[in-house]
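Enquirer: Residue numbers (our numbering): 61 to 289.
Ideal placement from N, C-alpha and C gives every residue a C-beta, glycine not left out.
Spelled out as structure tokens, the structure:
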């Protein structure tokens, strides 16, 4: 009798749970546990919980791969229906990237990872409007910085630097409002200066200098209105 009662209770619990999935509140808004399949299939597309129309807690999103639900992303909401900690996954289960989103807008720090390792590939930051801001880094597979950029309101602004895998500066560009504007320098693999000059509104301007073995060998003058590159 004891086991029979336990069985009945379990049946009732699961029956109630099944009935409360994909429900709407009195105002027609999603409320409680929701699960949706891909159209015309029994393959799970997403699962999560709503509170009167707002997402709460952890949501999971899946890909349909060979008729199997494979985890593609998760969203863990910090407050109902607001910012969420988001993670994207490859079909192998490897973490591809992670950061915060506000709705469909990327905000705050985002990390992207190397294809074949857990090391960083890119580190970047977004403002509350979803525009890139501040420093952005790209990394070699050995962890060395490959490229360092600066952004303001989604546009390159300030000095951008490229590095070799041995941490030698290869080139430097100066940007203003997304355009090459200011001093640029280019170096050989040993870090010796090869070329330097100024850009003005994405065009070479003024006197450009060329070096060999550290010695000035040539100078060229570029008028800013000629469109030379």
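Could you pull the DSSP bridge partners for residue 204 from this structure?
Expert: One-based indexing of the chain shown puts residue 204 at position 144. According to DSSP, which records beta bridges pairwise, residue 204 is partnered with nothing at all.
Enquirer: Between which two residues does the beta strand (DSSP E) containing residue 227 stretch?
Expert: Indexing the chain shown from 1 puts residue 227 at position 167. Run containing residue 227: none; DSSP gives neither H nor E here.
Enquirer: Looking at the structure shown, is residue 80 part of a helix, part of a strand, or coil, going by DSSP?
Expert: Along the chain shown, read from residue 1 onward, the residue named residue 80 stands at position 20. The answer is helix: DSSP assigns residue 80 an H, G or I state.
Enquirer: Ignore the nearest five residues each way along the sequence and tell me which others in residue 182's own chain have a CB closer than 6 angstroms to its CB.
Expert: Position 122 of the chain shown holds residue 182. 172 and 198, listed in sequence order.
Enquirer: Strictly by DSSP, which residues pair up with residue 167?
Expert: Taking the chain shown and counting its residues from 1, the one referred to as residue 167 is at position 107. In DSSP, residue 167 forms a bridge with 160.
Enquirer: Helix, strand or coil for residue 218? Go by DSSP, reduced to three states.
Expert: Here residue 218 is taken as the residue at index 158 of the chain shown, counted from 1. DSSP places residue 218 in strand when its eight states are reduced to three.
Enquirer: Which one of 102, 103, 99 and 107 has the shortest CA to CA distance from residue 92?
Expert: The count along the chain shown starts at 1 and reaches residue 92 at position 32. Among 102, 103, 99 and 107, the Cα nearest to that of residue 92 belongs to 107.
Enquirer: Let's see if you can read the secondary structure: which residues bound the beta strand (DSSP E) around residue 252?
Expert: Numbered from 1 along the chain shown, position 192 holds the residue referred to as residue 252. Note, residue 252: premise wrong, no beta strand (DSSP E); not H, not E.
Enquirer: By Cβ distance below 6 angstroms, which residues in the same chain neighbour residue 256 in space, the five residues on each side in sequence not counted?
Expert: For this step, residue 256 is matched to residue 196 along the chain shown. Contacts found: 245 and 269.
Enquirer: With DSSP run on the structure shown, which of helix, strand or coil describes residue 198?
Expert: The residue labelled residue 198 in the question sits at position 138 within the chain shown. The answer is strand: DSSP assigns residue 198 an E or B state.
Enquirer: Relative to the C-alpha of residue 221, which residue among 214, 233, 227 and 213 is closest?
Expert: Taking the chain shown and counting its residues from 1, the one referred to as residue 221 is at position 161. The candidate whose alpha carbon is nearest that of residue 221 is 233.
Enquirer: Quick check on the DSSP output: what are the complete beta strand (DSSP E) runs of length 3 or more inside the region 121–152, in order along the chain?
Expert: 128–137 and 143–149, all fully within the region 121–152.
Enquirer: Among the candidates 126, 83 and 111, whose CA atom is the shortest distance from the CA of residue 103?
Expert: Residue mapping note: residue 103 aligns to position 43 of the chain shown, counting from 1. Measuring from the Cα of residue 103, the nearest candidate turns out to be 126.
Enquirer: Tell me the rounded alpha-carbon separation between residue 166 and residue 85.
Expert: Position 106 of the chain shown, counted from the start, is the residue given in the question as residue 166. Position 25 of the chain shown, counted from the start, is the residue given in the question as residue 85. Their backbone Cα atoms lie some 30 angstroms apart in a straight line.
Enquirer: Sort out for me which residues DSSP pairs residue 181 with in a bridge.
Expert: If you number the chain shown from 1, residue 181 lands on position 121. Beta-bridge pairing links residue 181 to no other residue.
Enquirer: Can you list, in chain order, the residues of its chain with a C-beta nearer than 8 angstroms to that of residue 61? Leave out the 5 residues immediately preceding and following it.
Expert: For the purposes of this step, residue 61 is taken as residue 1 along the chain shown, with counting starting at 1. Here the model assigns residue 61 a pLDDT of 49, short of 50, so the residue's position is not dependable, and the following value carries that caveat. Cβ neighbours of residue 61 beyond the five flanking positions: none.
Enquirer: Taking just the CA atoms, how far does residue 229 sit from residue 121?
Expert: Position 61 of the chain shown, counting from 1, holds the residue named residue 121. Position 169 of the chain shown, counting from 1, holds the residue named residue 229. Going from the Cα of residue 121 to the Cα of residue 229 covers about 42 angstroms.
Enquirer: Taking the alpha carbon of residue 175 as the point to measure from, which residue in 189, 188, 187 and 201 has its own alpha carbon closest?
Expert: By 1-based counting over the chain shown, the position of residue 175 is 115. The candidate whose alpha carbon is nearest that of residue 175 is 201.
Enquirer: Output needed for residue 141: all residues of its chain with C-beta closer than 6 angstroms, excluding positions within five of it in sequence on either side, in chain order.
Expert: Against the chain shown, residue 141 aligns to sequence position 81. 114 and 115, listed in sequence order.
Enquirer: Can you tell me the Cα-Cα spacing of residue 241 and residue 283, whole angstroms?
Expert: For this step, residue 241 is matched to residue 181 along the chain shown. For this step, residue 283 is matched to residue 223 along the chain shown. Distance between the alpha carbons of residue 241 and residue 283 is about 14 angstroms.
Enquirer: Relative to the C-alpha of residue 206, which candidate in 196, 194, 195 and 223 has its C-alpha closest?
Expert: On the chain shown, residue 206 is found 146 positions in, with the first residue counted as 1. Closest option to residue 206, Cα to Cα, is 223.
Enquirer: In this structure, what does DSSP give as the bridge partners for residue 245?
Expert: For the purposes of this step, residue 245 is identified with residue 185 of the chain shown, where counting begins at 1. Per DSSP, 232 and 256.
Enquirer: In the DSSP assignment, find the unbroken beta strand (DSSP E) run with residue 91 in it and report its ends.
Expert: What you label residue 91 is simply residue 31 of the chain shown in a count that begins at 1. Note, residue 91: beta strand (DSSP E), 90–97.
Enquirer: Can you pull the DSSP bridge partners for residue 100?
Expert: Taking the chain shown and counting its residues from 1, one reaches residue 100 at position 40. Per DSSP, none; premise fails for residue 100.
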